[in-house]
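Student: Provided herewith is a single structure, encoded as structure tokens, for subsequent inquiry.
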């Protein structure tokens with residue numbers, strides 16, 4: 018995709034052929050870019066509210082770029098093509114449909130088998146996604162294969178000596194697996210195994226899990242309240 022490698026953010030935005038998500042507040046623009054038959058996805062925080070763009074946008078860009086570099090070569094993960102600037106990333110375009118747009122019964126047993134393998138692959142590369150509960154981050158590719166996007170919230174496997182962080186990493190990996198079971202419950206509950214039912218019954222039941230969820234939501238809400246005009 019050499020034709021896109023040296024273009025500025027403004028030049029890339031001018032090549033937009035489709036808007037997947039319009040930015041503003043704390044959200045980036047997510048745009049399909051096309052030039053000379055080549056396609057890519059531009060994820061751009063430049064249209065987010067000013068304070069969020071200055072303080073949080075660059076952090077989000079760096080975090081996602083770091084995760085995608087670590088996952089380079091992992092099947093089911095879009096490649097990082099380039100970091101455009103502090104506001105934007107250019108990513109491989111994966112044709113497909115968001116899982117939230119798939120009608121009930123549209124996901125097969127084979128899809129879920131492959132989705133579990135994809136999640137295991139992420140963890141083998143040392144990355145827990147941490148936001149697979151959002152079905153918008155799960156794509157059903159044109160080839161029927163599962164793909165995952167948006168690694169802003171990821172948690173990387175820490176060094177062996179960091180016992181507390183490794184415990185957290187295992188918990189985040191478990192949350193990724195439970196997210197697959199949640200998707201199965203939404204789309205094909207008849208496919209749930211007994212172990213998946215038990216995992217879903219335990220989901221978010223412990224004090225630590227409830228506290229982590231409360232802290233995460235509070236941080237997001239406070240940052241949006243302080244740094245954006247729109248909630």
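In my numbering, the protein residues as written are 18 to 248. Where is the CB? At the ideal position from N, CA and C, for every residue including glycine. Bear in mind the structure is a predicted one, so any value in this text is a computation, not a measurement.
(1) Starting from the C-beta of residue 77, find all residues in its chain whose C-beta is less than 6 Å away, skip the five residues before and the five after it, and write them out in chain order.
(2) Going by DSSP, what residue range makes up the beta strand (DSSP E) through residue 107?
(3) Just reading off the alpha helix (DSSP H) that residue 211 is part of, what are its end residues?
(4) Where residue 190 and residue 95 are concerned, what is the direct C-alpha to C-alpha distance, given to the nearest angstrom?
(5) Can you check the segment 115-188 for any alpha helix (DSSP H) of at least 4 residues that lies completely inside it and give the ranges in chain order?
(6) Using the rule of at least 16 other Cβ atoms within 10 Å of the residue's Cβ for burial, across every protein chain shown, is residue 101 buried or exposed?
(7) Does the beta-carbon distance from residue 117 to residue 162 come in below 8 Å?
(8) Could you check where the alpha helix (DSSP H) with residue 27 kicks off and where it finishes?
(9) Tell me whether the beta-carbon of residue 136 lies closer than 8 Å to the beta-carbon of residue 197.
(10) Could you confirm whether any beta carbon from chain D is found closer than 8 Å to the beta carbon of residue 21?
(11) List the residues that DSSP assigns as beta-bridge partners of residue 52.
(12) What three-state label does DSSP hand residue 23 in the structure shown?
(13) Taking a contact to mean a Cβ-Cβ separation below 8 Å, would you say residue 60 touches residue 45 in this structure?
(14) Suppose the cutoff is 8 Å on Cβ atoms and the five residues either side in sequence are ignored; what does the same chain contact list for residue 31 look like?
(15) Which residues bound the alpha helix (DSSP H) around residue 38?
(16) Looking only at its own chain, which residues have a Cβ that is under 7 Å from the Cβ of residue 154, when we skip the five neighbours before and after it?
(17) Can you pull the DSSP bridge partners for residue 97?
(18) Would residue 74 be called buried (16 or more neighbouring beta carbons within 10 Å of its own) or exposed?
Tutor: Judging by the given coordinates:
(1) 169
(2) 105-109
(3) 211-219
(4) 20 Å
(5) 126-141
(6) buried
(7) no
(8) 26-30
(9) yes
(10) Checking the listed chains, one finds no chain D in this structure; it contains a single protein chain.
(11) 55
(12) coil
(13) yes
(14) none
(15) No alpha helix (DSSP H) holds residue 38; the beta strand (DSSP E) holding it covers 33-38.
(16) 148, 165, 166 and 167
(17) 108
(18) buried
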